[in-house]
Amino acid sequence: RRRYRPLHHGSETLNTLILKLVGHCNLACVYCYDYDDERYALKLPLEMARKAITQALERCGKNLRVLFHGGEPLLAFDELRSLVAHARQVAEAQGKRVGFAVQTNGTRFSNDVVRFLLDEEIRVGISLDGPPETNDALRKDHHGRGRSDQIERTLRIYPELRARLGVLTTVTRLNAGRLIDVATYVRDLGVERWDMTLLDAVGRASYGCGDLMPAVGDIVRSFHELLDAVEAGQFDRASPRRFA
Numbered sequence: 008r009r010r011y012r013p014l015h016h017g018s019e020t021l022n023t024l025i026l027k028l029v030g031h032c033n034l035a036c037v038y039c040y041d042y043d044d045e046r047y048a049l050k051l052p053l054e055m056a057r058k059a060i061t062q063a064l065e066r067c068g069k070n071l072r073v074l075f076h077g078g079e080p081l082l083a084f085d086e087l088r089s090l091v092a093h094a095r096q097v098a099e100a101q102g103k104r105v106g107f108a109v110q111t112n113g114t115r116f117s118n119d120v121v122r123f124l125l126d127e128e129i130r131v132g133i134s135l136d137g138p139p140e141t142n143d144a145l146r147k148d149h150h151g152r153g154r155s156d157q158i159e160r161t162l163r164i165y166p167e168l169r170a171r172l173g174v175l176t177t178v179t180r181l182n183a184g185r186l187i188d189v190a191t192y193v194r195d196l197g198v199e200r201w202d203m204t205l206l207d208a209v210g211r212a213s214y215g216c217g218d219l220m221p222a223v224g225d226i227v228r229s230f231h232e233l234l235d236a237v238e239a240g241q242f243d244r245a246s247p248r249r250f251a
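Residue numbers for the sequence shown follow the numbering used here, beginning at 8 and rising by one.
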């Protein structure tokens, strides 16, 4: 049984609350750092999440950012929607502002989900490792299928979602030497925000994924190539060229 651990005052003002809504996911990425046998089937109790939001708003400054995480947080969309309403109500009563973000694998968008995210001005982060041949090699569902086509279709159908979207890429051996290709792919999707994180050998990645660790030399060379392209103006503005 999980114990609720209240937030404590610290020397710095609290500004961000991360809520891991579920431990499970509809994808089974080879390197998933978050995977854990014991909490995979767990779900954050709604009342516990509400208490965490209330306490965070009591202890923050004038602004609080709530990040919904997982697993795949959009598997708990009803709870997420309820928590946004709760946070806005509590923030208004305290004269504070609350903003929201969600980190998702990009496969759980529906009309209702997209409309809600846009109406509530929720920032969206999608995990995507590059073009389909790269992304789908490691980011697969439980049947071993890549889902890049579904993500691309969503961005094609909902161009307004791209304006609120950022892409997070995990750097592995497969893309470390081709970061400019990844950046070009993200640009051509019409997405203007892109960030990277290095493969972390925890979770599923702790089970025989040593050959996926990127070589330092590949990363350095790839970064230099990418910086040269940025300075040359190749990424001054995102445009959905892949959908042209």
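All C-beta atoms in this analysis are idealised placements derived from N, C-alpha and C, irrespective of residue type, glycine included.
Everything numeric in this text was worked out from a predicted model, so none of it was measured.
- Here Lys69 has Lys103, Arg104 as same chain residues with Cβ atoms under 7 Å from its own Cβ, once five neighbours each way along the sequence are excluded.
- Secondary structure at Ser134: strand, using DSSP grouped into helix, strand and coil.
- Burial state of Tyr47 is exposed, judged by a 10 Å Cβ sphere holding fewer than 16 other Cβ atoms.
- Less than 8 Å divides the Cβ of Thr177 from the Cβ of Thr204.
- Judged by their CB atoms, Thr23 and Arg72 are nearer to each other than the 8 Å cut-off.
- When the five nearest sequence neighbours on each side are left out, the beta carbons in the same chain lying within less than 6 Å of the beta carbon of Asp143 are those of Gly153, Ser155, in order along the chain.
- The beta-carbon distance between Tyr214 and Pro138, rounded to whole angstroms, is 26 Å. This is too long to meet the 8 Å contact definition.
- Annotation for Ala83: Leu28, Val29, Lys50 place their beta carbon closer than 7 Å to its own, counting only its chain and skipping 5 residues before and after.
- A direct Cα-Cα distance of roughly 8 Å separates Gly132 from Asn112.
- Taking every protein chain shown into account, the CB of Arg160 has fewer than 16 other CB atoms within 10 angstroms, so this residue is exposed.
- Contact between Gly173 and Arg200 holds: CB atoms are separated by about 3 Å, below the 8 Å threshold.
- Bounds of any alpha helix (DSSP H) do not take in Val174; it lies within the beta strand (DSSP E) bounded by 172-178.
- Cβ-Cβ distances below 6 Å link Leu175 to Gly132, Ser134, Asp202 in the same chain, with the five nearest sequence neighbours on each side left out; the list follows chain order.
- CA-CA distance, Pro52 to Gln62, rounds to 16 Å.
- Residue pairing from DSSP leaves Asn182 without any beta-bridge partner.
- 8 Å or more divides the Cβ of Leu196 from the Cβ of Thr141.
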